[in-house]
Amino acid sequence: MIIGLPILSILIYFLSYGAQSDTSGLKIGLVNQDQGVYTTQLVDWMKDANTQATSVSLKDGNEKLTSGSLDALVILGEGSEKSIAVLDPQHITVKSIQGDTVNNAVKSAVNASLTNMMTMIKASNDGGQSFSKYATTFDTSKITITQKTTSNQQDVVLMMSMQILGFLCMMLLYAAGNLGELILQEKEDGTFYRLMSTPLSSKVYLLGNALFSLAVVVTEIVICLVAMRFAFGIDPGVSYFALFGILFIFAVMAVLLSLALGFTATSRKSVSGLQMILFTLTSLLSGALIPVAIMPNFMQKLAEFMPQYWVMDAITTLQQNGNLASISLNIAILLGYALLFFCIASYKFTKNARVNSFV
């Protein structure tokens, strides 16, 4: 469970974002069986868009596709040059044995290049300038386009990192929530009272459980960050030490919240239901699972009352080249929540009339 939850938080978003990735990492074979101005230009654009795209013969392409040396094969068959010239591309085939995801991604890349080409052909027919001049102009603008694409890809990685860490925050709340359930369970089955009949004091018992719960939560944080860094190679745009510091403060707050809920609830079932509603609802409203930017204005204001919001906001600030001073308010608010839950837990601990050992 300790290992599974952090890895799960990464896999859910890593796979979902990965399914939206482009063809830049795919090995594509390009077969041009109808040499001409347009088909040659199409092959050149495909190579420019993907450094692993290469020209191959049909025979070699099929062999490499079968052996796994190629992920996909794009075949420009006889008649493709003429069909492109009349703005009705045909005889263009995409083959892949790696499933619909790869096949659709390559088709989208081919269609994008064809759309650009047909726009230029139509412009050259209407404007009197040659297609080659439009193609040259397009090629000179690729530096700007590439820079914008790279920026967009980095934005996707940063967004994925945020969603992974947001989901992790919810998982940390549930992991810490086991402490409150454990205390109530041991009270219900009599284990707590038997322990209180020994020289072990209630304060030591609670401190030991709290430290163990904190150790479990911190372990999950470490596993998640290590997996992000070394297993998945994700760059969150923030120092991993800074991430650990922010998440550690949140972990302390989560443990204290669990204690407060454990002392407030009257049974294990009630605290379990309360935690499920509270943790899931606050995670949704805070932007931990859904980006705050897409929420209505009143929900964005409401999100600021959730502890998770200040974790996500701190990470966003650091991603935008912020420093420790720029997230001092976030840290202060998280510590304030921790202090609030500590006070509630302490009050319930000392005033619990139902358990005289706590007085």
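The sequence shown begins at 1 in UniProt numbering and counts up one residue at a time.
From the three backbone atoms N, C-alpha and C, an ideal C-beta is built for every residue, glycine too.
Note to self: Taking the alpha carbon of Ser132 as the reference point, which residue from Thr39, Tyr174, Ile327, Ser267 has its own alpha carbon closest?
What the structure shows: It is Thr39 whose Cα lies nearest to the Cα of Ser132.
Next item on the list: Spell out the partners DSSP gives Val94 in its beta bridges.
Entry: Its beta-bridge partners are Val74.
Item checked: Nonlocal neighbours in the same chain, by C-beta distance under 7 Å from Tyr240, ignoring five residues either side -> Sequence-distant Cβ neighbours of Tyr240 in its own chain, meaning closer than 7 Å and more than five residues away, are Leu225, Arg229.
Check: What first and last residue would you give for the beta strand (DSSP E) that runs through Asn32?
Finding: For Asn32, the enclosing beta strand (DSSP E) starts and ends at 28-32.
Item checked: Gly287, buried or exposed, once every other Cβ within 10 Å from all chains shown has been counted against 16 -> The residue in question, Gly287, is buried, as its Cβ has 16 or more Cβ neighbours within 10 Å.
Note to self: With three or more C-beta pairs closer than 8 Å as the rule, is the segment 97-110 touching the segment 61-71?
What the structure shows: At 8 Å Cβ cutoff, the stretches touch.
Checklist line | DSSP three-state assignment for Thr150, whether helix, strand or coil | finding: Annotation note: pLDDT 42 at Thr150 (below 50); position unreliable, no value reported.
Margin query: For Ser55, list the residues DSSP reports as bridge partners.
Written below: According to DSSP, Ser55 bridges with Leu30.
Next item on the list: Evaluate Gln163 with the Cβ neighbour count: other Cβ atoms within 10 Å of its Cβ, from every protein chain shown; 16 or more gives buried, anything less gives exposed.
Entry: Under this definition Gln163 is a buried residue.
Notebook entry, point to check: By DSSP, does Ser130 sit in helix, in strand, or in coil?
Noted result: The answer is coil: DSSP assigns Ser130 none of H, G, I, E or B.
Item checked: For Phe167 and Ile290, the rounded distance between their alpha carbons -> If I take the Cα positions, the gap works out to 10 Å.
Next item on the list: Give the single residue among Leu257, Leu179, Leu329 whose Cα lies nearest to the Cα of Arg268.
Entry: Closest by C-alpha distance to Arg268, out of Leu257, Leu179, Leu329, is Leu179.
Note to self: Here's the rule: buried if 16 or more other CB atoms are within 10 angstroms of the residue's CB, otherwise exposed. What is Tyr309?
What the structure shows: Per the 10 Å Cβ criterion, buried.
Check: Contact check, Leu318 vs Ile327 under 8 Å by CB: the rounded distance?
Finding: The beta-carbon separation of Leu318 and Ile327, rounded to 7 Å, stays under the 8 Å limit for a contact.
Check: Can you tell which of Ala231, Leu206, Thr136, Ala251 has its C-alpha closest to the C-alpha of Lys187?
Finding: Minimum Cα distance to Lys187 is reached at Leu206.
Note to self: What would DSSP say about Gly79, mapped onto helix, strand or coil?
What the structure shows: Three-state DSSP puts Gly79 in coil, outside helix and strand.
Check: Assuming Met170 contacts Ser258 under a Cβ cut-off of 8 Å, what Cβ separation, rounded to an integer in Å, is found between them?
Finding: 14 Å between Cβ atoms; not a contact.
Next item on the list: Compare the Cα-Cα distances from Thr280 to each of Leu158, Ala109, Met306, Ile315 and report the closest residue.
Entry: Looking at the Cα atoms, Met306 is the closest of the given residues.
Notebook entry, point to check: Does the Cβ-Cβ distance between Ala176 and Val255 come in under 8 Å?
Noted result: The beta carbons of Ala176 and Val255 sit closer together than 8 Å.
Item checked: Residues of its chain near Ala135, where Cβ-Cβ distance is below 7 Å and the 5 sequence neighbours each way are ignored -> Excluding positions up to five away in sequence, the list reads Gln41, Met120.
Notebook entry, point to check: Which residues mark the beginning and the end of the alpha helix (DSSP H) in which Ser283 is found?
Noted result: Taken as a continuous stretch (DSSP letters only), the alpha helix (DSSP H) holding Ser283 covers 268-286.
Next item on the list: Measuring alpha carbon to alpha carbon, tell me which of Asn321, Phe248, Ala293, Met159 ends up nearest Ile234.
Entry: Taking only the C-alpha atoms, the option nearest Ile234 is Met159.
Check: Taking DSSP as the reference, what is the three-state secondary structure of Asp100?
Finding: DSSP places Asp100 in helix when its eight states are reduced to three.
Check: Excluding the five sequence neighbours on either side, which residues of its own chain have a C-beta within less than 7 Å of the C-beta of Thr144, listed in chain order?
Finding: Here Thr144 scores only 43 on pLDDT, less than 50, and its place in the model should not be relied on; the value that follows carries that caveat. None.
Next item on the list: Taking 8 Å as the cut-off, decide whether the C-beta atoms of Leu335 and Phe250 are in contact.
Entry: Their beta carbons are not under 8 Å apart, which means Leu335 does not touch Phe250 by this criterion.
Next item on the list: May I ask which residues mark the beginning and end of the alpha helix (DSSP H) holding Asn297?
Entry: Its alpha helix (DSSP H) spans residues 297-303.
Item checked: C-alpha gap between Leu274 and Ala210, whole angstroms -> Cα atoms of Leu274 and Ala210: separation of roughly 20 Å, rounded to the nearest angstrom.
Notebook entry, point to check: Hey, how far is the Cα of Val222 from the Cα of Phe342?
Noted result: Distance from the CA atom of Val222 to the CA atom of Phe342, rounded to whole angstroms, is 24 Å.
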